[in-house]
Ligand SMILES: [Zn+2]
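Shown next as structure tokens:
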């Protein structure tokens, strides 16, 4: 009877019960509308929201994504990798 929404648990803001999540459709890969329905029969609240990606933590090896990196967002320069063979200490 239990359903797994990809491991993501959302709780109803009204009663704290788990909610059933239904993804909407979007042409963008950066954001997606989602709908949620409270599983508490006596509450039965429904919500609409957006699931969106804001920051790149680790860049893709195959494509550029039009999002800031976590370093850019914090106002820092992107971290440079140390040259191979250079040891700290
Ligand atoms: Zn509820």
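Residue numbers (the numbering used here): -11 to 77. Just so you know, even glycine gets a beta-carbon here, dropped at the ideal spot from N, CA and C.
For residue i, tell me which candidate among the options has the shortest Cα-Cα distance.
| i | options | result |
| --- | --- | --- |
| residue 20 | 44, 6 and 40 | 40 |
| residue 6 | 34, 47, 38 and 26 | 26 |
| residue -1 | 16, 15, 60 and 32 | 32 |
| residue -4 | 16, 58 and 22 | 22 |
| residue 37 | 10, 53 and 3 | 10 |
| residue 16 | 3, 53 and 61 | 53 |
Say the cut is 7 Å; is the CB of residue i nearer than that to a heavy atom of ligand 1?
| i | result |
| --- | --- |
| residue -2 | no |
| residue 36 | no |
| residue 15 | no |
| residue 5 | yes |
| residue 33 | yes |
| residue 24 | no |
| residue 49 | no |
State the CB to CB distance for the pair residue i and residue j, rounded to an integer number of angstroms; the pair is presumed to be in contact (CB under 8 Å).
| i | j | result |
| --- | --- | --- |
| residue 55 | residue 43 | 6 Å |
| residue 24 | residue 13 | Not quite, the Cβ-Cβ distance comes to about 16 Å (not below 8 Å), so this is no contact. |
So, using beta-carbon positions, are residue i and residue j closer together than 8 Å?
| i | j | result |
| --- | --- | --- |
| residue 50 | residue 58 | no |
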